[in-house]
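Under the UniProt record's numbering, the very last position in the sequence shown is 234; numbers go up by exactly one each time.
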Amino acid sequence: MQKGPDDELMPMIDLANVACGFHGGDPVTMHKTIKLAKKYNVPVGAHPSLPDREGFGRRYIDISPADLYDQLVYQIGALVGMLRAEGMELNHVKTHGYLYRFTQASEEHCEAVIRAIKLFNVPCVQVAGSRQEKMAAKFGVPFIPEFYPDLHYDTAGGLVPLLTSSRVPIDTIKEKVEKLINQDIVLTQENEPVRIGLEGRSFSCCIHSDLPSKSRNGQSIAQSPKLTQAGQTL
């Protein structure tokens with residue numbers, strides 16, 4: 001998997017999600033990314049995944065809840081060590097790729113995720129209204145809802161898998177963000193309006209650094225006055 005243009009994106013963003021080695025990243029890359037985030041005063045969160053480097057963490061992997069918990073603690077702990085080497089602390093945890101669908105489908109796996117995050121005493125970042133949000137509330141873990149302008153939503157307000165999604169046109173990215181802030185409405189891949197539960201809430205706005213249009217997507221959103229005025233993060 002091609003690495004994202006971290007040098008271009010880091011000055012634009014408010015939070016960084018750093019892969020922890022199981023779908024992307026390695027000790028050298030993790031440390032380099034953390035130092036870059038430190039340069040721009042960007043808080044860093046862990047972005048752990050299923051053990052799937054070949055599929056970039058976007059495929060189903062058969063794993064028990066107990067094993068998933070261990071692998072998440074391992075990944076997050078590795079990033080915490082790297083952060084402390086630079087005098088930084090972990091800001092949040094956001095699971096990557098197929099783990100979103102896994103936790104939507106399985107309460108046991110979702111509980112394993114939230115228990116792992118709770119161990120590090122940081123917020124969970126994920127889709128608004130997801131099972132992770134409900135489980136975070138149950139375990140007393142702070143939750144930051146997130147919007148994905150470079151992905152499509154389905155009619156239930158969930159995310160269309162990136163592997164089966166059509167590409168979101170660059171010239172619609174900024175419009176999607178502003179429509180969400182103004183009306184709490186997102187258009188689905190079939191161009192149908194759907195509410196995704198972010199009305200009146202602060203939220204994070206995610207840009208995927210492995211998409212071909214990542215830099216232009218980031219620039220488009222960063223230049224949105226609506227995003228700044230609403231106090232949202234990128």
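Even for Gly, the Cβ is constructed at its ideal location relative to N, Cα and C.
Within the region 135 to 188, the runs of beta strand (DSSP E) at least 3 residues long that lie entirely inside it are, in chain order, 143 to 147.
Our two residues, Q126 and E192, have alpha carbons roughly 23 Å apart in a direct line. The beta carbon of F102 is closer than 6 Å to those of H109 in its chain, skipping five residues each way along the sequence. CA-to-CA, the gap between R53 and D70 works out to about 18 Å.
DSSP, reduced to helix, strand and coil, places P65 within a helical segment of the structure shown. Every unbroken stretch of the alpha helix (DSSP H) spanning 4 or more residues and falling wholly within the region 70 to 148 is given here in chain order: 99 to 105, 107 to 119, 131 to 139. Rounded to the nearest whole angstrom, the C-alpha separation of I144 and K176 is 19 Å. The closest CA to that of L198, considering only D184, I207, C206, Q189, is found on D184. Out of K179, Q189, D171, K138, the CA that lies nearest to the CA of H152 is found in Q189. At a Cβ-Cβ threshold of 7 Å, Y98 and R131 do not count as neighbours. Closest in C-alpha terms to H47, from the list A19, C124, H92, L83, comes A19.
Annotation: the continuous alpha helix (DSSP H) that includes V28 extends over 27 to 39. H208 is a Cβ neighbour of D150, given a cutoff of 7 Å. Between the beta-carbon of G45 and that of K94 there is about 6 Å, and that keeps the pair under the 8 Å contact cut. If you ignore the 5 residues before and after P43, its C-beta comes within less than 6 Å of the C-beta of L15, N91, all in its own chain and listed in chain order. When DSSP states are grouped into helix, strand and coil, P193 belongs to the strand group. The beta-carbon separation of L180 and F147, rounded to 6 Å, stays under the 8 Å limit for a contact. G45: member of the beta strand (DSSP E) spanning 44 to 47, first to last residue. Taking the C-beta atoms as reference points, I61 is found no nearer than 7 Å to A128. Counted as a single uninterrupted DSSP element, the stretch harbouring L15 is not any alpha helix (DSSP H), since DSSP gives it neither H nor E.
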